[in-house]
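Single-structure report; data block below.
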Amino acid sequence: MPVVELAGVTKAYEAKIAVRDLSLTIESGQMFGLLGPNGAGKTSSIRMMMGITLPDSGTVRLFDKPFERRSLERVGYLPEERGLYKKMKVGEQLIFFGELHGLSAHDARQRAAQWTRRLEIDDVLEKKTEELSKGMQQKIQFIGSLLHDPGLIVMDEPFSGLDPVNAQLLEKTLLDLKDEGRAIVFSTHRMDQVEKLCDSICLINQGEAVLSGRVREIKSHYERNHIQVEFEGSSAFLESPEIEEARNFSGHAEIKLKPHGNAQKLLAEAAAHATIYRFELMEPSLEEIFIRTVGGKVDA
Amino acid sequence: MRNMLLVAKREYLEQVRGRAFRLTTIGVPLLFAALLGVGYLSSLGLGKHRHLAVAAADPALAAQIRARLVGDKEAKTRVDVVAPAQAADRATLAQKVAAGQLDGFLWVESKPGQMPSATYSSPSAGDFITSSRIRSALTHATIDLHLTSGGMTQKDADTLVDGVPVKTFQVKKDGREVKSNAEASFWKGYVMAILLSMTTMIYGMNVARSIIQEKTSRIFEVMLAIARPSDLLAGKLIGVGAVGLTQIAIWLVAASALLASPLAGAMMTGDFTIQVSWTETVLFPVYFVLGYLLYSALFAGLAATCETEQELQMYTPLAAVPVWLSFALIALIMNDSNSFWSVAASLFPPTAPIIMFLRMAAEMPPMWQFAASIGLLMASIWGVLWISTRLYRVGILMYGKRATLPELLRWLKYS
Chain A
158 MPVVELAGVT
168 KAYEAKIAVR
178 DLSLTIESGQ
188 MFGLLGPNGA
198 GKTSSIRMMM
208 GITLPDSGTV
218 RLFDKPFERR
228 SLERVGYLPE
238 ERGLYKKMKV
248 GEQLIFFGEL
258 HGLSAHDARQ
268 RAAQWTRRLE
278 IDDVLEKKTE
288 ELSKGMQQKI
298 QFIGSLLHDP
308 GLIVMDEPFS
318 GLDPVNAQLL
328 EKTLLDLKDE
338 GRAIVFSTHR
348 MDQVEKLCDS
358 ICLINQGEAV
368 LSGRVREIKS
378 HYERNHIQVE
388 FEGSSAFLES
398 PEIEEARNFS
408 GHAEIKLKPH
418 GNAQKLLAEA
428 AAHATIYRFE
438 LMEPSLEEIF
448 IRTVGGKVDA
Chain B
1030 MRNMLLVAKR
1040 EYLEQVRGRA
1050 FRLTTIGVPL
1060 LFAALLGVGY
1070 LSSLGLGKHR
1080 HLAVAAADPA
1090 LAAQIRARLV
1100 GDKEAKTRVD
1110 VVAPAQAADR
1120 ATLAQKVAAG
1130 QLDGFLWVES
1140 KPGQMPSATY
1150 SSPSAGDFIT
1160 SSRIRSALTH
1170 ATIDLHLTSG
1180 GMTQKDADTL
1190 VDGVPVKTFQ
1200 VKKDGREVKS
1210 NAEASFWKGY
1220 VMAILLSMTT
1230 MIYGMNVARS
1240 IIQEKTSRIF
1250 EVMLAIARPS
1260 DLLAGKLIGV
1270 GAVGLTQIAI
1280 WLVAASALLA
1290 SPLAGAMMTG
1300 DFTIQVSWTE
1310 TVLFPVYFVL
1320 GYLLYSALFA
1330 GLAATCETEQ
1340 ELQMYTPLAA
1350 VPVWLSFALI
1360 ALIMNDSNSF
1370 WSVAASLFPP
1380 TAPIIMFLRM
1390 AAEMPPMWQF
1400 AASIGLLMAS
1410 IWGVLWISTR
1420 LYRVGILMYG
1430 KRATLPELLR
1440 WLKYS
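Sequence order for the protein chains is A and B. The first sequence begins at 158 in the numbering used here and counts up one residue at a time. The second sequence begins at 1030 in the numbering used here and counts up one residue at a time.
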């Protein structure tokens, strides 16, 4: 079942078009990455999904129905501009968010306790928010958006400001939630996370979708022109006319072939100069696809 | 509706549990009790008793001045008389003042058929209270002497000098005359108007401050995904308003207890009793709620367009203009509470809550005017809320840049 459907959505602020004719579909059990450089229109798209702003044209559907506020009770949202009530105790704050999402105070309290245990911060419930570190506050915000067991989770730059340990914990939790059948949308600049987590992506630039689809399919459209070589002996083969760019790390080289460069020819040259332990032809990373697609078209 | 009440509850509990609420709720009655206590203790005469001397060529005038000074119970003055005084006595009296045996002396020179002239000498150059008492005693004693020398009895002369008492009565609609106290009525209206304006302004500002704090803490976008902007704003207005009503209720209970105490009983003498009618008791919370909603809706709209509390403070004097205007109109209202301008000011929504209470103190306005002022207030609250909600729902998501007037006008059009 499509959980989110944007069809031909456009939003303009004064003379600037933030989003132009954007269409995308997110299914349940899918992790969806919304990518793009700064100011590309990611947050504007997410705000329209959440009904915070309305599109000038086009339609938004949630849970296979035209957008209605009641649908938001099934959505967990972590905005980029996030905050908490500094003077409130963490426990009271989570109960307040849970109640706003339709839970009873009792259920909200129980779920807050479960989630804080799951994210290894069960000792903070009685503390005031202002006493917590930034990373800890981010975990509380994360819990606040999940307390009501949403079918759709929307997160704008969820990993920004997290240390590697907490980022990994968040990644694991998101994967668990995906496995439970929830649809997850998040925006990020971190291509390594997209590569690891997302099934599908939409790359937005200057308000328009420039690339979208399943990650596997997108990558398959690009030529396999990256090679990793592990070798012993002379590195003279790295001067081959088949190579556009090469980085040599003494015994390990990363090579990018010229368009239509011949990998077999290069392997023969390498074998003539050195002992080859590994020669692997790879597809380009998402980061490279991102740069190739957006490069030179990014707003200052 | 549920979310609006949850927001109101959160706002109410956060403010009521806050240090500022405890400090003002307990501090203000304590401050008033302290002021009452200080006033009472001063009335007991804790200040230094004055020891003065009156020196005059005319013993009768000197005796009259002494009688006037000693008769002033608040002053608690001991007075020596030197009469008929010789020129050499002045130096002696000055030496006694210098030696601390006297606090000052009044030297009166008089010639038959002429007004007396006098000097008051004391070590303090700034004791204007004593010098004013002496001036009053000399004036009254001189008039007294003139009247009695013309054949008037001492009692009649005293009555004339002290002023002929006039009792005040208020004529009711049915023609009945009811004893009244114009001074007490004025103070009652004045105190209620101050309480009303102070609380509506304070809590209106609290709403604005709360919006700025939430804007600064970036909580709004989380909240907007859960609740409608109108629910957030309405919840905030209800929550903060309930805090205001709670605080006023605590103050009124404390004030009642204070006024019923023996301390206040000792302070309140004579006819100075204040009675609050049922109409006033009912209308006070009504006008508080309406006045508060008008001002807080206005402040909420302004706050949504600001980035910091400092920026908001620039607008505060503008928003306070109606309150200043109301107090500037006090003389007009008390002179003629039914004049065209008095009625107009009590119907004009921004000044209505305060002016209506001042008018009620002077004379109860007709019911249609209450109905009209409440109706106009409600209509203007609706109008201000309409504008503020639009400014609020756009402004709370705008960060980093102060909105210009054309931008604000465009915000009103956004859906």
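Glycine included, each C-beta is placed from N, C-alpha and C at the ideal position. As the structure is a prediction and not an experimental result, all values here were calculated from the model.
Beta-carbon proximity list for A/Ala457, same chain, < 7 Å, skipping 5 on both sides: Below a pLDDT of 50, predicted positions are generally treated as unreliable, and A/Ala457, at 36, falls in that range; no measurement from the model is reported.
Of the residues B/Leu1065, B/Lys1196 and B/Met1181, the one placed nearest B/Ala1289, counting alpha carbons only: B/Leu1065
Unbroken beta strand (DSSP E) run spanning B/His1080, endpoints: Arg1079 to Ala1085
Endpoints, alpha helix (DSSP H) assigned at B/Thr1366: Note on identity: in this sequence residue 1366 of chain B is Ser, with Thr being the wrong assignment. Unbroken run through B/Ser1366: none, as it is neither H nor E.
Check whether B/Ala1326 and B/Val1195 have beta carbons under 8 Å apart: no
Euclidean distance between Cα positions of B/His1080 and B/Ala1360: As the crow flies, the alpha-carbon of B/His1080 is around 41 Å from that of B/Ala1360.
Beta carbon proximity, A/Gly255 to chain B, threshold 8 Å: no
Within-8 Å CB hit, A/Met312 to chain B: no
Close-in-space but distant-in-sequence residues of the same chain around A/Gln250 (CB under 8 Å, 5 per side omitted): Leu241, Tyr242, Thr286, Ile297 and Gly301
Exposed unless 16 or more other CB atoms sit within 10 angstroms - verdict on B/Glu1243: buried
Inter-residue Cα distance where the pair is B/Ile1241 and B/Asn1235: 10 Å
Near-chain A residues of the segment 1359-1384 of chain B - C-beta to any C-beta below 8 Å: none
Rounded separation between B/Tyr1149 and B/Met1393 - CA only: 49 Å
A/Tyr434 - DSSP class collapsed to helix/strand/coil: strand
CB contact flag (B/Arg1097, B/Ala1147, <8 Å): no
Closest Cα partner of A/Glu437 within the set A/Phe343, A/Phe447, A/Lys413 and A/Val451: A/Lys413
Per-residue burial, B/Leu1157 [other beta carbons within 10 Å of its own, 16 or more giving buried]: Per the sequence shown, the amino acid found at residue 1157 of chain B is Phe instead of Leu. It is exposed - the Cβ of B/Phe1157 has fewer than 16 other Cβ atoms within 10 Å.
Secondary structure of A/Leu235, DSSP reduced to three states: In the structure shown, A/Leu235 falls within a strand segment according to DSSP collapsed to helix, strand and coil.
Whether A/Arg268 touches A/Leu304 by CB criterion (8 Å): It is a contact, given that the beta carbons lie within the stated cut-off.
Short CB-CB distance (under 8 Å) between B/Arg1419 and chain A: no
Proximal residues, the segment 233-244 of chain A versus chain B, C-beta separation under 7 Å: Tyr234, Pro236, Glu238, Arg239, Gly240, Leu241, Tyr242, Lys243 and Lys244
Alpha-carbon to alpha-carbon, A/Arg227 and A/Phe189: Each residue's Cα considered, the two are about 23 Å apart.
Residue range of the beta strand (DSSP E) that includes B/Tyr1149: Ser1146 to Ser1150
Chain-ordered residues of the segment 191-211 of chain A with a beta carbon less than 9 Å from chain B: Arg204, Met207, Gly208, Ile209, Thr210 and Leu211
Burial state of A/His383, where buried means 16 or more other Cβ atoms lie within 10 Å: buried
C-beta contact flag for A/Lys199 and A/Ile433 at 8 Å: Not closer than 8 Å, so no.
Counterpart residues of A/Ala366 in DSSP-defined beta bridges: A/Ile361
A/His258 burial status per 10 Å Cβ neighbour count (16 or more: buried): buried
Residue ranges of each beta strand (DSSP E) within the segment 308-378 of chain A, 3 or longer: 309-313, 340-345, 357-362 and 365-371
Proximal chain A residues relative to B/Ile1255, where beta-carbon distance stays under 9 Å: Leu229, Glu230, Tyr234, Phe254, Leu257 and His258
Collapsed DSSP secondary structure at B/Lys1038 in the structure displayed: helix
Start-to-end residues for the alpha helix (DSSP H) that takes in B/His1175: Phe1157 to Ser1178
Those residues which DSSP pairs with A/Pro159 across a bridge: A/Glu184
Under 8 Å from the C-beta of B/Ser1246: neighbouring residues of chain A: Gly240, Leu241, Tyr242 and Lys243
A/Pro223 in three-state terms, based on DSSP: strand
Own chain, CB closer than 6 Å to B/Asn1032, minus 5 neighbours either side, in chain order: Ala1256 and Asp1260
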